[in-house]
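Student:
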Amino acid sequence: NAGVTQTPKFQVLKTGQSMTLQCAQDMNHNSMYWYRQDPGMGLRLIYYSASEGTTDKGEVPNGYNVSRLNKREFSLRLESAAPSQTSVYFCASSPGGKTNEKLFFGSGTQLSVL
Amino acid sequence: DAKTTQPPSMDCAEGRAANLPCNHSTISGNEYVYWYRQIHSQGPQYIIHGLKNNETNEMASLIITEDRKSSTLILPHATLRDTAVYYCIVRVAGSQGNLIFGKGTKLSVKP
Chain A
17 NAGVTQTPKF QVLKTGQSMT LQCAQDMNHN SMYWYRQDPG MGLRLIYYSA
67 SEGTTDKGEV PNGYNVSRLN KREFSLRLES AAPSQTSVYF CASSPGGKTN
117 EKLFFGSGTQ LSVL
Chain D
129 DAKTTQPPSM DCAEGRAANL PCNHSTISGN EYVYWYRQIH SQGPQYIIHG
179 LKNNETNEMA SLIITEDRKS STLILPHATL RDTAVYYCIV RVAGSQGNLI
229 FGKGTKLSVK P
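Shown next, in the form of structure tokens:
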């Protein structure tokens, strides 16, 4: 069982470059999430998708866009990367319904913007 | 979602029980208590959750006080691999949106 798979694991960008972080889950989960975690801080929600075809802003959406491509995949795009977006990014999924709080996380993408 | 309060750090000797407290004095009747942990540089991992009864699974036990204003996560025989940040979260089951992780408790298991 792969669970939640994120790619890439590491990425270095220059300011102004764009990139897409990919996330896929094989658990047939309805909900998917993108979080970021800065050193010494807790996780902050960027965007989430409660079901296929829907996306909603989280706590820190500025500078990001997302696409729920299908039930399995949820991508996060940085259109013009900034140093403030240097962080570890985690994708997660959850079943939905009454078990929606049981999140399964990927292993993370460490992004550095120079 | 109700606010939770956890100590910033705790130590535990290897092989002993680790008891991690969480205060949630403003919890409402339909809010559950969820516990996650995050081992260094990994994604958080779900541990256990409960409403009012004590719960046990293969990872831990969750003890919720009768007034539900506090709870304790128990790792019965802590190992070095249990060193992690432990998050206590309170929320209505089936909610959408942000699951707020807070700062958690940094548990250090020492040999």
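Going down the list, the protein sequences come from chains A and D.
In our numbering, each residue carries its 1-based index in the first sequence increased by 16.
In our numbering, each residue carries its 1-based index in the second sequence increased by 128.
Quick reminder that beta carbons are idealized off the backbone N, C-alpha and C, glycines included.
Please classify residue 98/A as buried or exposed, where buried requires at least 16 neighbouring CB atoms within 10 angstroms.
Tutor: For the purposes of this step, residue 98/A is taken as residue 82 along the first sequence, with counting starting at 1. By the neighbour-count rule (16 or more Cβ atoms within 10 Å), residue 98/A is not buried but exposed.
Student: Which residues in chain A have a C-beta closer than 8 Å to the C-beta of residue 223/D? List them in chain order.
Tutor: Taking the second sequence and counting its residues from 1, one reaches residue 223/D at position 95. Going along chain A in sequence order, the residues near residue 223/D (Cβ under 8 Å) are 116, 117.
Student: I need the boundaries of the beta strand (DSSP E) containing residue 21/A, first residue and last residue.
Tutor: To locate residue 21/A, count along the first sequence from 1; it is residue 5. Counting along the chain, the unbroken beta strand (DSSP E) around residue 21/A starts and ends at 20 to 23.
Student: What residue does the beta strand (DSSP E) around residue 235/D start on, and which one ends it?
Tutor: For this step, residue 235/D is matched to residue 107 along the second sequence. Where residue 235/D is concerned, the enclosing beta strand (DSSP E) stretches over 233 to 238.
Student: With 8 Å as the C-beta to C-beta threshold (strictly closer), list the residues of the region 71 to 84 of chain A near chain D in chain order.
Tutor: 72, 74, 75
Student: Are the C-beta of residue 226/D and some C-beta of chain A separated by less than 8 Å?
Tutor: As a position in the second sequence, residue 226/D is number 98, starting the count at 1. Taking Cβ atoms only, chain A reaches closer than 8 Å to residue 226/D, which makes this a yes.
Student: Mark residue 54/A as exposed unless 16 or more other C-beta atoms lie within 10 angstroms of its C-beta, in which case mark it buried.
Tutor: Residue numbering aside, residue 54/A sits at position 38 when the first sequence is read from its first letter. That one is exposed.
Student: Buried or exposed: where does residue 172/D fall if 16 or more other Cβ atoms within 10 Å of its Cβ makes it buried?
Tutor: In the second sequence, counting from the first residue as 1, residue 172/D sits at position 44. It counts as buried.
Student: Using only CA atoms, which one of 169/D, 145/D, 153/D lies nearest to residue 26/A?
Tutor: On the first sequence, residue 26/A is found 10 positions in, with the first residue counted as 1. Of the listed residues, the one whose Cα sits closest to residue 26/A is 169/D.
Student: Decide if the region 57 to 69 of chain A is in contact with the region 80 to 91 of chain A; the criterion is three or more beta carbon pairs, one per stretch, under 8 Å apart.
Tutor: yes
Student: Would you verify that the beta carbon of residue 234/D is, or is not, closer than 8 Å to some beta carbon of chain A?
Tutor: Looking up residue 234/D in the second sequence gives position 106. Among the residues facing chain A, residue 234/D is not included, as its CB has no counterpart in that chain under 8 Å away.
Student: Within its chain, find whatever has a CB closer than 6 Å to the CB of residue 135/D; leave out the 5 residues flanking it on each side and keep chain order.
Tutor: Within the second sequence, the letter at position 7 stands for residue 135/D. So the list reads 233, once near-sequence residues are dropped.
Student: For residue 223/D, which option in 153/D, 154/D, 155/D, 160/D has the closest C-alpha, if you only look at C-alpha atoms?
Tutor: For the purposes of this step, residue 223/D is taken as residue 95 along the second sequence, with counting starting at 1. Nearest option by C-alpha distance: 160/D.
Student: Would you kindly work out how many angstroms separate the C-alpha atoms of residue 31/A and residue 80/A, rounded to a whole number?
Tutor: In the first sequence, counting from the first residue as 1, residue 31/A sits at position 15. In the first sequence, counting from the first residue as 1, residue 80/A sits at position 64. Each residue's alpha carbon lies about 14 Å from the other.
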